[in-house]
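Start counting the sequence shown at 1; every next residue gets the next number (UniProt numbering). Ideal placement from N, C-alpha and C gives every residue a C-beta, glycine not left out. Only one structure is covered here, and it is reproduced in the block below.
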Amino acid sequence: MQGWIATCQLGPGLELEDEAAGEPSLPPSGASAQPESYGDEETEPELLATAELLSSLEELELSNRRLAGENAKLQRSVETADEGAARLGEELASLRKQLRSSQQALQFAKAVDEELEDMKSLAKSLEEKNRSLVAQARQTEKEQQQLVAEVETLQEENGKLLAERDGVKKRSEELAMEKEALRRQLCEYESLICHRDTILSERTNRTENLTEALEEYRATIQELKQKISHLEEQLSQSREGPEGFQDGTQGIAGGWMKLHPQSLCLEIEAIQQITGQEKSSELLGSLEEENPWLLGERDHQRASQKGMRPPDTAGCLGTLEGPQFGDRPCPDARSSPSDVALLQAIEPLVGQLPSAGRRRQRRTSWELYPTPVAAPTPR
Numbered sequence: 001m002q003g004w005i006a007t008c009q010l011g012p013g014l015e016l017e018d019e020a021a022g023e024p025s026l027p028p029s030g031a032s033a034q035p036e037s038y039g040d041e042e043t044e045p046e047l048l049a050t051a052e053l054l055s056s057l058e059e060l061e062l063s064n065r066r067l068a069g070e071n072a073k074l075q076r077s078v079e080t081a082d083e084g085a086a087r088l089g090e091e092l093a094s095l096r097k098q099l100r101s102s103q104q105a106l107q108f109a110k111a112v113d114e115e116l117e118d119m120k121s122l123a124k125s126l127e128e129k130n131r132s133l134v135a136q137a138r139q140t141e142k143e144q145q146q147l148v149a150e151v152e153t154l155q156e157e158n159g160k161l162l163a164e165r166d167g168v169k170k171r172s173e174e175l176a177m178e179k180e181a182l183r184r185q186l187c188e189y190e191s192l193i194c195h196r197d198t199i200l201s202e203r204t205n206r207t208e209n210l211t212e213a214l215e216e217y218r219a220t221i222q223e224l225k226q227k228i229s230h231l232e233e234q235l236s237q238s239r240e241g242p243e244g245f246q247d248g249t250q251g252i253a254g255g256w257m258k259l260h261p262q263s264l265c266l267e268i269e270a271i272q273q274i275t276g277q278e279k280s281s282e283l284l285g286s287l288e289e290e291n292p293w294l295l296g297e298r299d300h301q302r303a304s305q306k307g308m309r310p311p312d313t314a315g316c317l318g319t320l321e322g323p324q325f326g327d328r329p330c331p332d333a334r335s336s337p338s339d340v341a342l343l344q345a346i347e348p349l350v351g352q353l354p355s356a357g358r359r360r361q362r363r364t365s366w367e368l369y370p371t372p373v374a375a376p377t378p379r
């Protein structure tokens with residue numbers, strides 16, 4: 001359009017130049033008179049052409065003027081169009097700015113829409129959480145009521161426990177007093193135990209001494225067994241002849257009466273002097289209970305030392321065989337624990353008494369000491 005406007009602006013001038021170049025130059029008025037002079041025939045067509053040219057020239061001038069007015073109008077329209085184009089450019093720039101802002105707004109709207117969707121989902125989740133919190137609140141209210149009830153019961157139990165604590169305090173005070181009394185008794189018992197330990201140590205020493213004495217008695221009993229077995233052999237040999245029997249009987253009686261006082265009773269008397277009268281008398285009494293023939297031997301020894309006649313030992317010798325198998329010494333009710341322990345220690349020795357005490361047939365004193373047989377009178 002701008003090109004057409006430019007051609008329109010330059011068009012009248014170009015048309016005039018073209019017409020000036022196409023039309024022949026008109027002769028001056030003086031020259032036009034000359035051809036008329038040469039001939040009238042040649043001038044008439046030329047005049048007609050010139051008149052036509054003049055009329056066309058006038059028409060062209062009119063058209064040129066008309067075109068110039070139109071050109072001015074077109075220039076004004078072009079200016080107005082330029083102004084409109086400038087305004088349109090400004091409007092276009094503003095529209096572009098608006099478009100950009102609208103695009104940004106659209107993007108923002110999309111972001112806001114997304115955020116709105118997120119907020120909706122968040123609102124839904126918050127509603128669900130709110131519902132769950134409401135349910136939890138109800139549950140906590142129920143639990144709180146239960147806890148209040150439990151607190152009341154615990155307060156009641158606390159009151160009971162406080163009362164029990166007061167009772168326990170009183171009981172602990174009583175127990176402390178009892179503990180103090182028991183501690184005093186314990187101190188007394190400890191002192192008694194210490195005293196008893198000393199007594200037990202003394203008795204232990206005495207028991208050890210008596211044990212040594214019992215070992216000696218055991219050895220003595222073994223010797224007595226051997227001697228008794230030897231005497232039994234002699235007795236059996238003496239029965240084969242009357243003379244040998246009389247001599248053997250006298251030898252047996254003398255040897256028997258000499259054997260025991262010198263071996264066992266003398267040792268018991270010596271132990272009485274060494275270990276003390278009390279324990280040795282207890283030991284001798286226990287041995288006499290197990291072997292009553294020791295009593296007769298001791299009386300015989302004392303009588304022989306004083307020059308007196310010994311008592312009859314028939315009863316004691318009648319029980320020479322001692323306790324039978326299965327007999328045990330029975331402690332007296334007045335016996336102390338040490339006496340009982342002593343009797344228990346002597347018990348193994350009872351089984352080791354002379355074998356004559358365990359013979360199948362009991363022998364009285366007259367069987368052990370037979371009467372002498374009268375010698376035959378010569379004829």
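{"Asked": "Quick check on S238: buried or exposed, where buried means 16 or more other Cβ atoms within 10 Å of its Cβ?", "Found": "buried"}
{"Asked": "Helix, strand or coil: which one does DSSP assign to R171?", "Found": "helix"}
{"Asked": "Return helix, strand or coil for G30, following the three-state DSSP convention.", "Found": "The predicted model places G30 with a pLDDT of 42, which falls under 50 and marks its position as unreliable; any figure quoted below should be read in that light. In this structure, G30 counts as helix in the three-state DSSP scheme."}
{"Asked": "Tell me the DSSP secondary structure of L126 in three-state form.", "Found": "helix"}
{"Asked": "For H195 and L214, I'd like the C-alpha separation in whole angstroms.", "Found": "28 Å"}
{"Asked": "How would you call L224, buried or exposed, if buried means at least 16 neighbouring beta carbons within 10 angstroms?", "Found": "buried"}
{"Asked": "Would you tell me roughly how many angstroms separate the C-alpha atoms of L99 and V134, rounded to the nearest one?", "Found": "49 Å"}
{"Asked": "Under the rule that 16 or more other beta-carbon atoms within 10 Å means buried, what is L122, buried or exposed?", "Found": "exposed"}
{"Asked": "Quick check on the burial criterion: 16 or more other C-beta atoms within 10 angstroms. Buried or exposed for I221?", "Found": "buried"}
{"Asked": "In whole angstroms, give me the CA-to-CA distance for G84 and R96.", "Found": "17 Å"}
{"Asked": "What does the alpha-carbon distance come out to for the pair L88 and A109?", "Found": "29 Å"}
{"Asked": "Consult DSSP for R239 and reduce its assignment to one of helix, strand or coil.", "Found": "coil"}
{"Asked": "Within 10 Å of its beta-carbon, does Y217 have 16 or more other beta-carbons around it, so buried, or fewer, so exposed?", "Found": "buried"}
{"Asked": "Cα separation between E173 and S201?", "Found": "41 Å"}
{"Asked": "Short of 7 Å in beta carbon distance, which residues of its chain neighbour E164, apart from the five on each side in sequence? Order them along the chain.", "Found": "none"}
{"Asked": "Going by other Cβ atoms of all chains shown within 10 Å of its Cβ, with 16 needed for buried, is L54 buried or exposed?", "Found": "exposed"}
{"Asked": "From E190 to H230, what distance separates their C-alpha atoms?", "Found": "58 Å"}
{"Asked": "At the level of alpha carbons, what is the spacing between K129 and A137?", "Found": "12 Å"}
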